[in-house]
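What follows is a set of notes on a single structure, which appears directly below.
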(Lines of atoms letter the chains of each structure in order from A and count residues from 1; the text may use other names and numbers.)
(Lines give C-alpha, C1' and ligand atoms only; values in the text may rest on other atoms or scores of the structure.)
Protein backbone atom coordinates (compact mmCIF):
# COMPACT_ATOMS: atom_id res chain seq x y z
CA UNK A 1 0.00 0.00 0.00
CA UNK A 2 1.22 3.47 -0.92
CA UNK A 3 0.21 6.97 0.05
CA UNK A 4 0.44 8.56 -3.39
CA UNK A 5 -3.31 8.68 -3.94
CA UNK A 6 -3.89 9.89 -0.41
CA UNK A 7 -1.30 12.61 -0.91
CA UNK A 8 -3.07 13.78 -4.04
CA UNK A 9 -6.36 13.81 -2.17
CA UNK A 10 -5.14 15.87 0.74
CA UNK A 11 -3.43 18.35 -1.56
CA UNK A 12 -6.70 18.77 -3.43
CA UNK A 13 -8.55 19.10 -0.13
CA UNK A 14 -6.81 22.40 0.49
CA UNK A 15 -9.89 24.11 -0.89
CA UNK A 16 -11.98 22.37 1.75
CA UNK A 17 -9.71 23.84 4.37
CA UNK A 18 -10.07 27.25 2.80
CA UNK A 19 -13.81 26.92 3.10
CA UNK A 20 -13.36 26.23 6.80
CA UNK A 21 -11.67 29.58 7.33
CA UNK A 22 -14.06 31.35 9.65
CA UNK A 23 -15.62 34.59 8.53
CA UNK A 24 -18.74 36.02 10.18
CA UNK A 25 -22.14 36.08 8.56
CA UNK A 26 -23.13 38.58 5.93
CA UNK A 27 -26.01 39.98 7.97
CA UNK A 28 -26.54 41.99 11.13
CA UNK A 29 -29.75 40.93 12.79
CA UNK A 30 -30.20 37.18 12.59
CA UNK A 31 -29.22 34.27 14.78
CA UNK A 32 -27.14 31.14 14.88
CA UNK A 33 -28.56 29.61 11.70
CA UNK A 34 -27.58 32.62 9.63
CA UNK A 35 -24.11 32.58 11.13
CA UNK A 36 -23.82 28.87 10.40
CA UNK A 37 -24.94 29.26 6.80
CA UNK A 38 -22.50 32.05 6.10
CA UNK A 39 -19.56 30.34 7.74
CA UNK A 40 -19.61 28.09 4.67
CA UNK A 41 -18.81 25.23 7.01
CA UNK A 42 -21.35 22.81 5.54
CA UNK A 43 -20.07 23.47 2.03
CA UNK A 44 -16.54 22.85 3.28
CA UNK A 45 -17.52 19.60 4.98
CA UNK A 46 -19.24 18.35 1.83
CA UNK A 47 -16.13 19.22 -0.18
CA UNK A 48 -13.90 17.40 2.28
CA UNK A 49 -16.09 14.31 1.98
CA UNK A 50 -15.68 14.42 -1.79
CA UNK A 51 -11.90 14.60 -1.42
CA UNK A 52 -11.97 11.61 0.94
CA UNK A 53 -13.33 9.49 -1.89
CA UNK A 54 -9.81 9.35 -3.35
CA UNK A 55 -8.51 7.55 -0.26
CA UNK A 56 -9.67 4.27 -1.82
CA UNK A 57 -8.17 3.63 -5.27
CA UNK A 58 -6.95 0.58 -7.21
CA UNK A 59 -3.48 2.18 -7.18
CA UNK A 60 -3.40 1.62 -3.42
CA UNK A 61 -4.40 -2.03 -3.66
CA UNK A 62 -8.16 -1.69 -3.37
CA UNK A 63 -10.50 -3.23 -5.93
CA UNK A 64 -12.97 -1.26 -8.01
CA UNK A 65 -15.73 -2.81 -5.91
CA UNK A 66 -14.00 -1.50 -2.77
CA UNK A 67 -13.83 1.97 -4.30
CA UNK A 68 -17.47 1.92 -5.35
CA UNK A 69 -18.52 0.78 -1.88
CA UNK A 70 -16.40 3.53 -0.30
CA UNK A 71 -17.87 6.21 -2.55
CA UNK A 72 -21.39 5.12 -1.67
CA UNK A 73 -20.55 5.17 2.03
CA UNK A 74 -19.08 8.68 1.69
CA UNK A 75 -22.21 9.91 -0.07
CA UNK A 76 -24.33 8.49 2.74
CA UNK A 77 -22.18 9.80 5.58
CA UNK A 78 -21.55 13.25 4.13
CA UNK A 79 -25.05 13.96 2.86
CA UNK A 80 -25.44 17.77 2.98
CA UNK A 81 -28.72 17.60 4.88
CA UNK A 82 -27.13 15.51 7.63
CA UNK A 83 -24.05 17.73 7.79
CA UNK A 84 -26.24 20.81 8.09
CA UNK A 85 -28.13 19.33 11.03
CA UNK A 86 -24.91 18.16 12.70
CA UNK A 87 -23.16 21.49 12.33
CA UNK A 88 -26.12 23.66 13.28
CA UNK A 89 -26.80 21.66 16.43
CA UNK A 90 -23.13 21.70 17.42
CA UNK A 91 -22.75 25.40 16.65
CA UNK A 92 -25.95 26.39 18.43
CA UNK A 93 -24.88 24.44 21.49
CA UNK A 94 -21.38 25.92 21.51
CA UNK A 95 -21.76 29.57 20.49
CA UNK A 96 -21.92 32.02 23.40
CA UNK A 97 -23.84 35.27 23.33
CA UNK A 98 -20.67 37.36 23.51
CA UNK A 99 -19.08 35.49 20.60
CA UNK A 100 -22.24 35.73 18.53
CA UNK A 101 -22.51 39.48 19.15
CA UNK A 102 -18.84 40.02 18.31
CA UNK A 103 -19.21 38.17 15.00
CA UNK A 104 -22.29 40.11 13.99
CA UNK A 105 -20.74 43.42 15.04
CA UNK A 106 -17.65 42.72 12.96
CA UNK A 107 -19.76 41.73 9.99
CA UNK A 108 -21.63 45.02 9.91
CA UNK A 109 -18.41 47.02 10.05
CA UNK A 110 -16.79 48.25 6.81
CA UNK A 111 -13.84 45.93 7.41
CA UNK A 112 -16.10 42.94 7.97
CA UNK A 113 -18.05 43.57 4.77
CA UNK A 114 -14.84 44.02 2.82
CA UNK A 115 -13.38 40.76 4.16
CA UNK A 116 -16.58 38.87 3.42
CA UNK A 117 -16.45 39.98 -0.22
CA UNK A 118 -12.75 39.13 -0.40
CA UNK A 119 -13.39 35.56 0.74
CA UNK A 120 -16.43 35.26 -1.55
CA UNK A 121 -14.42 36.32 -4.58
CA UNK A 122 -11.36 34.18 -3.86
CA UNK A 123 -11.39 31.01 -5.95
CA UNK A 124 -8.00 29.33 -5.36
CA UNK A 125 -8.69 26.17 -7.34
CA UNK A 126 -9.60 28.26 -10.37
CA UNK A 127 -6.10 29.73 -10.32
CA UNK A 128 -3.51 27.31 -11.68
CA UNK A 129 -0.50 27.17 -9.37
CA UNK A 130 -2.12 29.26 -6.64
CA UNK A 131 0.08 27.70 -3.96
CA UNK A 132 3.16 28.84 -5.89
CA UNK A 133 1.60 32.30 -6.15
CA UNK A 134 1.13 32.31 -2.39
CA UNK A 135 4.74 31.25 -1.83
CA UNK A 136 5.88 34.17 -3.96
CA UNK A 137 3.71 36.51 -1.91
CA UNK A 138 5.45 35.28 1.24
CA UNK A 139 8.89 35.68 -0.33
CA UNK A 140 8.18 39.19 -1.57
CA UNK A 141 6.29 40.45 1.49
CA UNK A 142 7.88 42.68 4.09
CA UNK A 143 8.78 41.29 7.50
CA UNK A 144 5.82 43.16 8.96
CA UNK A 145 3.39 41.76 6.42
CA UNK A 146 4.66 38.20 6.86
CA UNK A 147 4.27 38.54 10.62
CA UNK A 148 0.70 39.72 10.10
CA UNK A 149 -0.07 36.79 7.76
CA UNK A 150 1.16 34.31 10.36
CA UNK A 151 -0.75 36.12 13.10
CA UNK A 152 -3.92 36.06 10.98
CA UNK A 153 -3.58 32.33 10.35
CA UNK A 154 -3.22 31.72 14.07
CA UNK A 155 -6.08 34.08 14.95
CA UNK A 156 -8.33 32.13 12.57
CA UNK A 157 -7.46 28.92 14.44
CA UNK A 158 -5.72 27.79 11.26
CA UNK A 159 -3.11 25.39 12.68
CA UNK A 160 -5.68 23.64 14.87
CA UNK A 161 -8.15 23.29 12.02
CA UNK A 162 -5.56 21.94 9.60
CA UNK A 163 -4.25 19.40 12.10
CA UNK A 164 -7.81 18.44 12.99
CA UNK A 165 -8.64 17.77 9.34
CA UNK A 166 -5.61 15.49 9.10
CA UNK A 167 -6.59 13.56 12.22
CA UNK A 168 -10.01 12.90 10.72
CA UNK A 169 -8.43 12.05 7.36
CA UNK A 170 -6.16 9.47 9.01
CA UNK A 171 -9.15 8.01 10.84
CA UNK A 172 -10.92 7.63 7.49
CA UNK A 173 -7.86 5.87 6.04
CA UNK A 174 -8.04 3.25 8.79
CA UNK A 175 -11.79 2.83 8.32
CA UNK A 176 -11.22 2.27 4.60
CA UNK A 177 -8.31 -0.16 4.91
CA UNK A 178 -9.21 -2.24 7.96
CA UNK A 179 -11.98 -4.38 6.40
CA UNK A 180 -9.85 -5.01 3.30
CA UNK A 181 -6.30 -5.43 4.62
CA UNK A 182 -6.74 -5.99 8.35
CA UNK A 183 -6.12 -3.77 11.37
CA UNK A 184 -2.32 -4.08 11.38
CA UNK A 185 -1.82 -3.01 7.77
CA UNK A 186 -4.42 -0.28 8.14
CA UNK A 187 -2.50 1.25 11.05
CA UNK A 188 0.78 0.92 9.13
CA UNK A 189 -0.78 2.74 6.18
CA UNK A 190 -1.92 5.51 8.49
CA UNK A 191 1.56 5.79 10.02
CA UNK A 192 3.15 5.98 6.56
CA UNK A 193 1.04 9.04 5.81
CA UNK A 194 2.11 11.01 8.89
CA UNK A 195 4.34 13.19 6.71
CA UNK A 196 1.22 14.69 5.14
CA UNK A 197 0.35 16.69 8.26
CA UNK A 198 3.01 19.42 7.98
CA UNK A 199 2.41 19.58 4.22
CA UNK A 200 -1.29 20.14 4.77
CA UNK A 201 -0.73 22.75 7.48
CA UNK A 202 1.58 24.61 5.10
CA UNK A 203 -0.93 24.38 2.25
CA UNK A 204 -3.68 25.62 4.54
CA UNK A 205 -1.49 28.58 5.52
CA UNK A 206 -0.67 29.30 1.88
CA UNK A 207 -4.38 29.24 1.04
CA UNK A 208 -4.89 31.93 3.66
CA UNK A 209 -1.94 33.85 2.21
CA UNK A 210 -3.43 33.62 -1.28
CA UNK A 211 -6.70 35.11 -0.03
CA UNK A 212 -5.40 37.77 2.34
CA UNK A 213 -1.83 38.39 1.17
CA UNK A 214 -2.73 41.06 -1.41
CA UNK A 215 -4.24 43.27 1.32
CA UNK A 216 -2.32 46.45 2.17
CA UNK A 217 -0.15 46.05 5.25
CA UNK A 218 -2.27 48.43 7.33
CA UNK A 219 -5.53 46.67 6.39
CA UNK A 220 -4.05 43.27 7.20
CA UNK A 221 -2.83 44.51 10.58
CA UNK A 222 -6.27 45.96 11.29
CA UNK A 223 -7.91 42.61 10.53
CA UNK A 224 -5.47 40.79 12.81
CA UNK A 225 -6.19 43.21 15.65
CA UNK A 226 -9.94 42.61 15.35
CA UNK A 227 -9.65 38.83 15.18
CA UNK A 228 -7.32 38.79 18.17
CA UNK A 229 -9.92 40.25 20.53
CA UNK A 230 -11.05 37.82 23.19
CA UNK A 231 -14.59 37.72 21.81
CA UNK A 232 -13.50 36.93 18.26
CA UNK A 233 -11.00 34.38 19.50
CA UNK A 234 -13.85 32.72 21.35
CA UNK A 235 -15.93 32.80 18.17
CA UNK A 236 -13.18 31.13 16.15
CA UNK A 237 -12.57 28.49 18.82
CA UNK A 238 -16.27 27.74 19.14
CA UNK A 239 -16.61 27.55 15.35
CA UNK A 240 -13.72 25.10 15.20
CA UNK A 241 -15.27 22.92 17.90
CA UNK A 242 -18.59 22.83 16.04
CA UNK A 243 -16.93 22.05 12.71
CA UNK A 244 -15.10 19.05 14.10
CA UNK A 245 -18.07 17.80 16.07
CA UNK A 246 -20.00 17.71 12.80
CA UNK A 247 -17.06 16.21 10.90
CA UNK A 248 -16.55 13.43 13.42
CA UNK A 249 -20.27 12.67 13.37
CA UNK A 250 -19.98 12.23 9.60
CA UNK A 251 -17.01 9.89 9.99
CA UNK A 252 -18.96 7.90 12.59
CA UNK A 253 -21.64 7.41 9.94
CA UNK A 254 -18.95 6.52 7.41
CA UNK A 255 -17.67 3.75 9.66
CA UNK A 256 -21.19 2.33 9.94
CA UNK A 257 -21.89 2.67 6.22
CA UNK A 258 -18.60 1.08 5.15
CA UNK A 259 -19.28 -2.31 6.63
CA UNK A 260 -18.05 -5.37 4.73
CA UNK A 261 -20.38 -6.25 1.91
CA UNK A 262 -22.38 -9.39 2.39
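In mature numbering (1 follows the signal peptide of the UniProt record, and there is no 0), the protein residues as written are -27 to -1, 1 to 235.
Note that CB positions come from ideal geometry on N, CA and C, so glycine has one too.
A distance below 7 Å between beta-carbons, with the five flanking residues on each side excluded, links residue 135 to the following residues of its chain, in chain order: -11, 173, 174 and 177. If you draw a straight line from the Cα of residue 56 to the Cα of residue 217, it is about 11 Å long. If you draw a straight line from the Cα of residue 199 to the Cα of residue 158, it is about 47 Å long. Assignment of residue 175 by DSSP, reduced to helix, strand and coil, places it in the helix class. Residue 36 sits exposed, since fewer than 16 C-beta atoms from the chains shown fall within 10 Å of its C-beta. Residue environment analysis places residue 116 among the exposed positions, since fewer than 16 neighbouring C-beta atoms fall within 10 angstroms of its C-beta. Around the beta-carbon of residue 99, fewer than 16 other beta-carbon atoms lie within 10 Å, marking it exposed. Of the candidates 109, 219 and 30, 219 places its Cα closest to the Cα of residue 137. A distance below 8 Å separates the beta carbons of residue 227 and residue 145.
In this structure, residue 114 lies away from residue 197, with their beta-carbon atoms at least 8 Å apart.
Between the alpha carbons of residue 204 and residue 165 lies a distance of about 39 Å. In the structure shown, residue 93 falls within a helical segment according to DSSP collapsed to helix, strand and coil.
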